[in-house]
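Engineer: One structure follows; several queries about it will come next.
There are 4 protein chains.
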Amino acid sequence: MEKLGRKRSEKSRDAVLQATRELVTESGFTHVTIEKIAARAHVGKPTIYRWWQSKNAILAECVLGGEVLPAVDETSASEIHTSASEWFRAVLGYVDENAALLRGLVAAAYEDPEIAAQLRAHLGDPIEAALIEWAGGAGRETPLAGELSPHALAQLLFGAILYRLAPTLGATDASDVEMFDVLIARLHTQ
Amino acid sequence: MEKLGRKRSEKSRDAVLQATRELVTESGFTHVTIEKIAARAHVGKPTIYRWWQSKNAILAECVLGGEVLPAVDETSASEIHTSASEWFRAVLGYVDENAALLRGLVAAAYEDPEIAAQLRAHLGDPIEAALIEWAGGAGRETPLAGELSPHALAQLLFGAILYRLAPTLGATDASDVEMFDVLIARLHTQ
Amino acid sequence: MEKLGRKRSEKSRDAVLQATRELVTESGFTHVTIEKIAARAHVGKPTIYRWWQSKNAILAECVLGGEVLPAVDETSASEIHTSASEWFRAVLGYVDENAALLRGLVAAAYEDPEIAAQLRAHLGDPIEAALIEWAGGAGRETPLAGELSPHALAQLLFGAILYRLAPTLGATDASDVEMFDVLIARLHTQ
Amino acid sequence: MEKLGRKRSEKSRDAVLQATRELVTESGFTHVTIEKIAARAHVGKPTIYRWWQSKNAILAECVLGGEVLPAVDETSASEIHTSASEWFRAVLGYVDENAALLRGLVAAAYEDPEIAAQLRAHLGDPIEAALIEWAGGAGRETPLAGELSPHALAQLLFGAILYRLAPTLGATDASDVEMFDVLIARLHTQ
DNA sequence: ATCTAAGCGAGACGGTACGTCAAGTCTTGTT
DNA sequence: AACAAGACTTGACGTACCGTCTCGCTTAGAT
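One line per chain: the protein sequences are A, B, C and D, in this order.
Using the UniProt record's numbering, read the first sequence as starting at 1 and increasing by one per residue.
Using the UniProt record's numbering, read the second sequence as starting at 1 and increasing by one per residue.
Using the UniProt record's numbering, read the third sequence as starting at 1 and increasing by one per residue.
Using the UniProt record's numbering, read the fourth sequence as starting at 1 and increasing by one per residue.
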């Protein structure tokens with residue numbers, strides 16, 4: 001038995017995501033409503049509810065929809081610090097570009113574990129994986145005596161991103177990158 | 001010209017704060033409404049709007065109302081690490097005790113700069129002040145070569161608290177304390 | 001361009017009007033609130049505000065919604081008095097049957113010209129038209145010397161209805177009909 | 001035991017009545033609130049509630065407070081029509097001067113029997129008494145065959161006043177006076 | 001000449017209803 | 001069967017007034 005009826009309209013999907021991006025950027029996630037999204041996207045509300053569970057889910061798909069973070073290149077040990085530093089700069093670049101959207105998503109994550117899980121999957125886990133890779137693979141996951149494990153360092157970096165995203169709290173200057181450079185240096189020192 | 005009219009009812013004030021604490025703990029900040037607070041506190045809605053600007057403001061007063069963080073004791077240099085470690089443990093204890101309320105407050109901070117400023121004033125600034133104190137006073141505020149400044153370290157610790165508060169993201173285990181111990185060791189090492 | 005979307009629910013419309021009729025009869029128009037109407041009719045407040053401008057407008061539609069007054073039969077000149085007397089008795093019957101609703105509507109008319117206009121259109125104008133018909137048509141509209149014009153008589157009868165509706169003021173006995181009989185006799189005398 | 005404490009402040013009383021008169025004239029009785037009266041009169045709300053039962057009661061005292069209608073002069077029979085006509089003109093003059101206040105009072109009367117009773121006592125009863133006087137005293141109260149009794153005529157005139165007060169409904173022209181002249185002529189004819 | 005009880009302006013209180021906004025569901029007709 | 005449009009019930013919003021209740025402060029007869 002094959003499926004009957006019309007296929008899902010990609011045009012509507014894209015219009016919804018685009019409208020959401022615009023509205024969040026313009027007025028902040030709090031002031032975005034499903035009704036405004038539907039109106040801006042020329043889409044019926046039932047269409048939205050058919051495909052997304054909540055306003056949070058639309059936002060998550062906006063931010064984390066495609067490929068989010070760059071892959072880690074395999075590099076020689078001598079270039080690790082340079083490569084890692086560049087990689088984290090790219091991460092921060094992505095964060096800054098999507099600051100308004102991510103801010104809303106982070107706010108949502110504090111009340112909705114589902115969103116928190118998606119944030120972890122698309123942001124936290126890749127960071128930790130990259131650090132483990134640089135630290136020398138899974139075998140080195142256990143914390144070094146008196147030093148930070150890749151896991152702990154990932155937490156720290158994720159926290160730094162959360163801090164940077166908070167309005168007023170975090171400046172958007174380069175201090176985070178320098179912090180990271182100092183910390184990453186600890187990873188391999190001995 | 002003296003103050004005329006009836007005085008503000010402290011009973012109502014306390015009832016509102018207590019009701020908010022209960023409701024946030026029971027169902028999460030998102031599901032708390034002004035109407036439910038008013039009903040639970042046996043208080044009229046206008047009374048709430050007379051004294052608080054928003055639901056966020058009530059929450060902020062709940063969490064940050066009294067004395068929040070312990071003061072830093074003056075200690076001898078030899079005891080710095082012990083003392084700092086204990087102090088940060090106390091901070092985390094406060095955070096864990098008020099986790100549900102703080103989670104809501106952090107979520108609000110991501111959309112409301114006013115709340116963000118209060119969070120910084122009551123949590124971030126005391127942490128930074130303590131670190132500066134331990135680092136040897138204002139004269140040592142500038143970052144040490146290859147090390148973390150007290151300011152950067154405060155950002156890192158605040159970020160760690162944000163991470164710990166996020167549902168699913170942060171575990172409530174002792175790892176943050178250990179992270180802190182490692183980092184604080186860097187402050188004075190040279 | 002055709003009409004899109006869902007049609008207006010006649011069920012809701014009828015429920016609102018019925019609930020209003022009941023509530024006005026039970027407790028008087030002053031104590032009727034939109035919220036009570038909505039609750040009794042099991043209808044949302046926005047639905048009410050979508051279709052009616054005010055509480056007054058709902059009441060007006062309740063009272064003046066359908067066919068209000070009986071038409072005037074064409075009758076031979078000899079039967080005019082009998083016929084007119086019967087017709088006015090029917091008018092008073094309608095007034096008495098809807099006394100509670102009309103009382104509220106009249107009260108509203110004194111503060112809201114819109115309601116006053118509707119009252120005139122559905123009650124005053126038909127009365128005047130009937131009197132003109134009995135007086136011999138439009139050609140006889142001008143006042144007879146020393147007598148009452150149909151227009152003046154209509155004002156008098158409308159005033160008598162207002163008086164009868166006022167609580168305490170007007171008795172609900174038959175005196176109005178007799179007054180009318182005396183007055184109508186003046187219309188055609190000579 | 002005599003009364004202790006301060007006497008009622010006549011200044012406050014007058015200020016309340018004056019403020020009410022102004023507010024009703026400016027915006028209509030519906031939009032007048034106790035709070036606005038208190039503010040305009042520089043008077044506390046409890047002072048108002050201490051002396052008046054309701055907003056209606058304040059209005060009633062505004063309109064019907066002093067001497068309302070002129071007394072009927074004793075006149076010779078030959079001058080009755082002239083005298084009665086002048087008297088009713090004076091009544092209509094009073095009505096027109098206080099139209100805005102009376103309109104509110106009439107609206108209130110339709111929902112509040114207390115107000116209706118006051119209206120009858122200060123307006124309806126004097127009219128009926130005057131008509132009885134002109135008709136030749138109490139002995140002539142019974143209706144004349146085929147004519148209107150003074151009681152019926154009083155109802156008619158009161159109704160005409162109600163009609164004249166209603167917005168849109170009644171014009172403020174002289175037609176009511178002429179109507180009255182025609183009717184009063186019926187009183188004594190035979 | 002005090003004392004003291006009531007009246008006073010001001011304004012906060014617990015409530016009720018307002019009119020609006022948005023949520024998520026249901027209906028209608030079109031593609 | 002999925003779509004755009006839009007009416008539906010529900011429930012919370014923030015505001016306006018209600019009528020009551022403190023607040024200190026007059027004010028004036030009783031002591």
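All C-beta atoms in this analysis are idealised placements derived from N, C-alpha and C, irrespective of residue type, glycine included.
1. Taking C-beta pairs closer than 7 Å, name the residues in chain C that residue 175 (chain D) reaches, listed in chain order.
2. Do we get a CB-CB distance below 7 Å when we pair residue 180 (chain D) with the residues of chain C?
3. Between which two residues does the alpha helix (DSSP H) containing residue 51 (chain B) stretch?
4. Could you tell me whether the region 117 to 135 of chain A touches the region 57 to 69 of chain A, where touching means 3 or more Cβ pairs closer than 8 Å?
5. Have a look at A:53, A:54, A:89, A:60 and flag the residue whose alpha-carbon is nearest the alpha-carbon of residue 70 (chain A).
6. Below 7 Å between beta carbons is the criterion; list the residues of the region 86 to 117 of chain A that meet it against any residue of chain B, in chain order.
7. Below 8 Å CB to CB, which residues in the same chain sit around residue 25 (chain A) once its five sequence neighbours on both sides are set aside?
8. Let me know if residue 10 (chain B) comes out buried or exposed under the rule of 16 or more other beta-carbons within 10 Å of its beta-carbon.
9. If I measure Cβ to Cβ from residue 52 (chain C) and keep anything under 6 Å in the same chain, skipping five residues before and after, which residues do I get?
10. Could you check the C-alpha separation between residue 189 (chain A) and residue 39 (chain B) for me, to the nearest Å?
11. Answer with yes or no whether the minimum CB distance from residue 84 (chain D) to chain C is below 7 Å.
12. Can you round the beta-carbon distance between residue 168 (chain D) and residue 116 (chain C) to whole angstroms, since I take them to be within the 8 Å contact cut?
13. Give every residue of the same chain whose Cβ lies closer than 7 Å to the Cβ of residue 87 (chain B), excluding the five residues on either side of it in the sequence, and list them in chain order.
14. How many Å lie between residue 68 (chain A) and residue 94 (chain A) at the Cα?
15. Would you call residue 176 (chain A) buried or exposed, if buried means 16 or more other Cβ atoms sit within 10 Å of its Cβ?
16. Under a CB-based cut-off of 7 Å, is residue 191 (chain D) close to chain C?
17. Under 7 Å between beta-carbons, which chain C residues line up against residue 148 (chain D)? List them in chain order, please.
18. Of the residues that make up the region 9 to 33 of chain B, which ones have a beta carbon closer than 8 Å to any beta carbon in chain A?
19. Using the Cα positions of residue 84 (chain D) and residue 91 (chain D), report the straight-line distance between them to the nearest angstrom.
20. Within 10 Å of its beta-carbon, does residue 126 (chain D) have 16 or more other beta-carbons around it, so buried, or fewer, so exposed?
21. Could you check the C-alpha separation between residue 105 (chain B) and residue 60 (chain B) for me, to the nearest Å?
22. Measure the C-alpha to C-alpha separation of residue 34 (chain A) and residue 4 (chain C) and round it to an integer number of angstroms.
23. Kindly list, in the order they appear in chain C, the residues whose Cβ is closer than 9 Å to that of residue 156 (chain D).
24. Where does residue 105 (chain A) sit, in a helix, a strand or coil, going by DSSP?
25. According to the Cβ coordinates, are residue 111 (chain D) and residue 47 (chain C) closer than 7 Å?
26. With DSSP as the reference, label residue 32 (chain D) as helix, strand or coil.
27. How big is the Cα-Cα spacing for residue 37 (chain A) and residue 13 (chain A)?
28. Can you say whether residue 103 (chain C) is buried or exposed, counting buried as having 16 or more other CB atoms within 10 angstroms of its CB?
29. Once you ignore the five residues that flank residue 21 (chain A) on each side, which residues in its own chain have a CB closer than 8 Å to its CB?
30. What's the gap between the Cα of residue 96 (chain B) and the Cα of residue 28 (chain A)?
31. Which same chain residues, not among the five before or five after residue 140 (chain A), have their C-beta less than 7 Å away from its C-beta?
32. To the nearest whole angstrom, what separates the beta carbons of residue 128 (chain D) and residue 113 (chain D), a pair I think is in contact under 8 Å?
33. Going by CA-CA distance only, name the one from D:159, D:148, D:158, D:155 that's closest to residue 185 (chain D).
34. Contact defined as beta carbons within less than 8 Å: I believe residue 156 (chain B) pairs with residue 179 (chain A). What is the distance between those atoms, to the nearest angstrom?
35. By Cβ distance below 6 Å, which residues in the same chain neighbour residue 41 (chain B) in space, the five residues on each side in sequence not counted?
Structural biologist: In short:
1. Reading the fourth sequence from its first residue, position 175 is the one you call residue 175 (chain D). Correct list: 152.
2. The residue given as residue 180 (chain D) occupies position 180 in the fourth sequence. By the rule that beta-carbons nearer than 7 Å mark a contact, residue 180 (chain D) does not touch chain C.
3. Reading the second sequence from its first residue, position 51 is the one you call residue 51 (chain B). In the DSSP assignment, residue 51 (chain B) falls within the alpha helix (DSSP H) that extends over 45 to 51.
4. Output reads yes: the region 57 to 69 of chain A touches the region 117 to 135 of chain A.
5. Residue 70 (chain A) sits at position 70 when you count from the first residue of the first sequence. Ranking the options by Cα distance to residue 70 (chain A), first place goes to A:89.
6. Under the 7 Å Cβ criterion, the region 86 to 117 of chain A contributes 103, 106, 107, 109, 110, 111, 113, 116, 117.
7. Locating residue 25 (chain A) in the first sequence gives position 25, where the first residue counts as 1. For residue 25 (chain A), the CB contacts under 8 Å within the same chain, skipping 5 residues up- and downstream, are 100, 101 in chain order.
8. As a first step, residue 10 (chain B) must be located in the second sequence, where it is residue number 10. With a 10 Å radius around the Cβ and a threshold of 16 neighbouring Cβ atoms, residue 10 (chain B) comes out exposed.
9. As a position in the third sequence, residue 52 (chain C) is number 52, starting the count at 1. Correct list, in chain order: 58.
10. Along the first sequence, one-based indexing puts residue 189 (chain A) at 189. Along the second sequence, one-based indexing puts residue 39 (chain B) at 39. At residue 189 (chain A) the pLDDT is 45, less than 50, meaning the model places this residue with poor confidence; the figure from the coordinates comes in the next sentence. Roughly 59 Å between the two C-alpha positions.
11. On the fourth sequence, position 84 is the one that residue 84 (chain D) refers to. At a cut-off of 7 Å, the C-beta of residue 84 (chain D) has no neighbouring C-beta in chain C.
12. Position 168 of the fourth sequence holds residue 168 (chain D). Position 116 of the third sequence holds residue 116 (chain C). The Cβ separation is near 4 Å, so the contact holds.
13. The residue given as residue 87 (chain B) occupies position 87 in the second sequence. Taken in chain order, the residues that qualify are 70, 72, 130.
14. Taking the first sequence and counting its residues from 1, the one referred to as residue 68 (chain A) is at position 68. Taking the first sequence and counting its residues from 1, the one referred to as residue 94 (chain A) is at position 94. Taking the straight line from one Cα to the other gives about 8 Å.
15. Numbered from 1 along the first sequence, position 176 holds the residue referred to as residue 176 (chain A). So residue 176 (chain A) counts as buried.
16. With chain D running from 1 to 190 in the structure shown, residue 191 (chain D) is simply not present.
17. On the fourth sequence, position 148 is the one that residue 148 (chain D) refers to. Residues of chain C whose Cβ lies closer than 7 Å to the Cβ of residue 148 (chain D) are, in chain order, 179, 182.
18. The residues in question are 28, 29, 30.
19. Position 84 of the fourth sequence holds residue 84 (chain D). Position 91 of the fourth sequence holds residue 91 (chain D). Going by the C-alpha atoms only, they are around 11 Å apart.
20. The sequence position of residue 126 (chain D) within the fourth sequence is 126, counting from 1. Buried: at least 16 other Cβ atoms inside 10 Å.
21. In the second sequence, residue 105 (chain B) corresponds to position 105, counting from 1. In the second sequence, residue 60 (chain B) corresponds to position 60, counting from 1. Cα-Cα distance, rounded: 7 Å.
22. For this step, residue 34 (chain A) is matched to residue 34 along the first sequence. For this step, residue 4 (chain C) is matched to residue 4 along the third sequence. The straight-line gap from Cα to Cα measures roughly 20 Å.
23. By 1-based counting over the fourth sequence, the position of residue 156 (chain D) is 156. Per Cβ cutoff of 9 Å: 156, 159, 160, 163, 179, 183.
24. Residue numbering aside, residue 105 (chain A) sits at position 105 when the first sequence is read from its first letter. In the three-state reduction of the DSSP assignment, residue 105 (chain A) falls in the helix class, which pools H, G and I.
25. What you label residue 111 (chain D) is simply residue 111 of the fourth sequence in a count that begins at 1. What you label residue 47 (chain C) is simply residue 47 of the third sequence in a count that begins at 1. Remark: C-beta atoms of residue 111 (chain D) and residue 47 (chain C) do not approach each other more closely than 7 Å.
26. Reading the fourth sequence from its first residue, position 32 is the one you call residue 32 (chain D). Residue 32 (chain D) falls in the coil class under three-state DSSP.
27. In the first sequence, residue 37 (chain A) corresponds to position 37, counting from 1. In the first sequence, residue 13 (chain A) corresponds to position 13, counting from 1. About 11 Å.
28. Within the third sequence, numbered from 1, the residue matching residue 103 (chain C) stands at position 103. Taking every protein chain shown into account, the CB of residue 103 (chain C) has 16 or more other CB atoms within 10 angstroms, so this residue is buried.
29. Sequence index remark: in the first sequence, residue 21 (chain A) carries index 21 (1-based). Same-chain partners within the cutoff: 62, 101.
30. The residue given as residue 96 (chain B) occupies position 96 in the second sequence. The residue given as residue 28 (chain A) occupies position 28 in the first sequence. Roughly 29 Å separates the two Cα atoms.
31. Numbered from 1 along the first sequence, position 140 holds the residue referred to as residue 140 (chain A). With a pLDDT of 49 at residue 140 (chain A), under the threshold of 50, the predicted position of this residue should be treated as unreliable, though the coordinate-derived value follows. Cβ neighbours of residue 140 (chain A) beyond the five flanking positions: none.
32. Within the fourth sequence, residue 128 (chain D) is the residue found at index 128, counting from 1. Within the fourth sequence, residue 113 (chain D) is the residue found at index 113, counting from 1. Between residue 113 (chain D) and residue 128 (chain D) the Cβ distance is about 19 Å, and since that is not below 8 Å, they are no contact.
33. Here the question's residue 185 (chain D) lines up with position 185 in the fourth sequence. The candidate whose alpha carbon is nearest that of residue 185 (chain D) is D:148.
34. Against the second sequence, residue 156 (chain B) aligns to sequence position 156. Against the first sequence, residue 179 (chain A) aligns to sequence position 179. In this structure, residue 156 (chain B) and residue 179 (chain A) form a Cβ contact; the two beta carbons are roughly 7 Å apart against a cut-off of 8 Å.
35. By 1-based counting over the second sequence, the position of residue 41 (chain B) is 41. Correct list, in chain order: 15, 16, 19.
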